[in-house]
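Asker:
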Amino acid sequence: MVLNRCLVVGHRGFKAKYTENTLNGFYQCFQTGAKSFETDVWTTKDHVLVISHDVNTKRIFCDEDGNEADYNILETDYEVLKPLRTIASGEPLLKFTDVLEWFLAYVKQHEAENDYRIMLDLKAANPPVILKLLMKDMLSVHPDLSWWFSRIQFGVWHMRFVKYLNQDPEIQSLLQEAGSHKGYKQFDLLHISLNWQSSMLFLSYNEYLNSLPKDRFKFKVTGVSIIYTSTWSPSFVKYFLPAIKKQNLSLYSWTINLRLQLEYFRHLCSFATIHEYGIITDHPDKLESLCDAEVVNVGTPKASFFQLLLSYILNAIIRMPKVDDGSFESPVDPMKAHPARMTLGRRMFAFLQHMNVF
102 MVLNRCLVVG HRGFKAKYTE NTLNGFYQCF QTGAKSFETD VWTTKDHVLV ISHDVNTKRI
162 FCDEDGNEAD YNILETDYEV LKPLRTIASG EPLLKFTDVL EWFLAYVKQH EAENDYRIML
222 DLKAANPPVI LKLLMKDMLS VHPDLSWWFS RIQFGVWHMR FVKYLNQDPE IQSLLQEAGS
282 HKGYKQFDLL HISLNWQSSM LFLSYNEYLN SLPKDRFKFK VTGVSIIYTS TWSPSFVKYF
342 LPAIKKQNLS LYSWTINLRL QLEYFRHLCS FATIHEYGII TDHPDKLESL CDAEVVNVGT
402 PKASFFQLLL SYILNAIIRM PKVDDGSFES PVDPMKAHPA RMTLGRRMFA FLQHMNVF
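According to the working numbering, the residues represented by the sequence shown are 102 to 459, in order.
1) List the DSSP bridge partners of Asn311.
2) For Arg462, is the classification buried or exposed, using 16 other Cβ atoms within 10 angstroms of its Cβ as the cut-off for buried?
3) Between which residues of its own chain and Trp258 is the CB-CB distance below 6 Å, once the five residues before and five after are set aside?
4) Assign Met102 to one of two classes, buried (16 or more other C-beta atoms within 10 Å of its C-beta) or exposed (fewer than that).
5) What's the call for Asp383, buried or exposed, on a 16-neighbour Cβ count within 10 Å?
6) Using 7 Å as the threshold, is the C-beta distance between Val156 and Leu150 below it?
7) With a threshold of 6 Å (Cβ to nearest heavy atom), would Leu201 be considered close to the ligand ATP?
8) Buried or exposed: Ala135, going by 16 or more other Cβ atoms within 10 Å of its Cβ?
9) Starting from Glu271, trace the alpha helix (DSSP H) both ways and give me its first and last residue.
10) Alpha carbons only, please: which of Thr356, His376, Ile357, Arg317 is nearest the one belonging to Lys346?
11) Can you check DSSP and say which residues form a bridge with Met220?
12) In this structure, how does DSSP classify Pro193 when only helix, strand and coil are distinguished?
13) Mind checking Tyr413: buried by the 16 CB within 10 Å criterion, or exposed?
14) Which partner residues of Asn157 appear in the DSSP bridge assignment?
15) Going by beta-carbon coordinates alone, are Asn76 and Thr140 separated by less than 7 Å?
16) Applying the criterion that 16 or more other CB atoms from any shown protein chain within 10 Å of the CB defines a buried residue, is Pro343 buried or exposed?
17) Based on DSSP bridge pairs, tell me the residues matched to His292.
18) Going by beta carbon distance, what residues of the same chain come within less than 7 Å of His148, once the five residues before and after it are set aside?
19) Cβ atoms of Phe250 and His211: under 7 Å apart, would you say?
20) Per DSSP, His112 forms a beta bridge with which residues?
21) Note down the Cα distance separating Thr120 from Pro314, rounded to an integer number of angstroms.
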């Protein structure tokens, strides 16, 4: 059975060839034929949304004179960060509205050709209010919130963000008044995951929302974006694939840069007949061309011994992160940031990311 084409999402734009999280990187990603890019959003101390993978600026940015810029974005006002430039290419630290304005112009120029999207990675250290700030920025750029539903995907690591979307009265009002666009009644909401077991909690929350009164907007998780090594586990195939299939969720995997990784994931999604699936990659040019080949369901996917071993080792190194603070009913403090403690596991994971393993 031939299924939908695998979607290709450029990791931080086109990370393999261009400075990450820049307008040029986003443009070059779309030029490869990919229809989506992933980027990272933080809120400054004074609630201006900016684009950066790291909460600290010094890896990517410098000041106007080329000096080190060592700022924690969550603890710094935007006016202090505004002059920063990328070390490699001299491009500015972007506001989220900069990206939205560029994206809106690009879509209007090319909307007859394709549906373009942006996938947002909202790190768990952010305060949940970032979700409301995102929507307000969208409305400031294009005043029809529903227009953005099919074009912006929210990626969250922690349950507090999903609960906040379902608890905040202003967000509830915005979504109820927005209506629908192209069949979308909400933004896609993805759980970004290091293991499928933690994602099961988000599927359970969807079931919890089903039990609530109908006179409210129920903002459900619509998909999962999971580290590729987790998909190599036999338990992922046996337990998790049927669970997301039951709720008709989408499935994305990151960061896939090799043909072997891509072929296994496409086989996996073909086997499970996942209605929408895609990969996040540093090489959208190479992976986009590899996705042109049709995938035919040829039976249960089986990981190699090397894949199983690597999956086991990484699961042992990267402990299951805590993804909830309490019961589904517990109130969320929208203003509270949750700075991550730099454990040995986090340091090792950051090193592997720096080495382009993830």
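Virtual Cβ for every residue (Gly too), placed ideally from N, Cα, C. Every value quoted in this text rests on a predicted model; they were computed, and no experiment measured them.
Answerer: So, from the listed chains and residues:
1) Note: Asn311 sits in no beta bridge, so no partner.
2) The requested residue 462 is not part of the displayed model; the chain covers only 102 to 459.
3) Ala225, Ile293
4) At Met102, the pLDDT of 35 sits below 50, so the modelled position is not reliable; the number obtained from the coordinates is stated separately. Looking at its Cβ environment, which holds fewer than 16 other Cβ atoms inside 10 Å, Met102 is exposed.
5) buried
6) no
7) As for the ligand ATP, it is missing from this structure, which has no ligand bound.
8) buried
9) 270-279
10) His376
11) Glu139, Gln254
12) strand
13) exposed
14) Asn173
15) Past the boundaries of the shown model lies residue 76; the chain is included only from 102 to 459, so the question cannot be answered.
16) exposed
17) Val257, Val325
18) Leu234
19) no
20) Glu139
21) 47 Å
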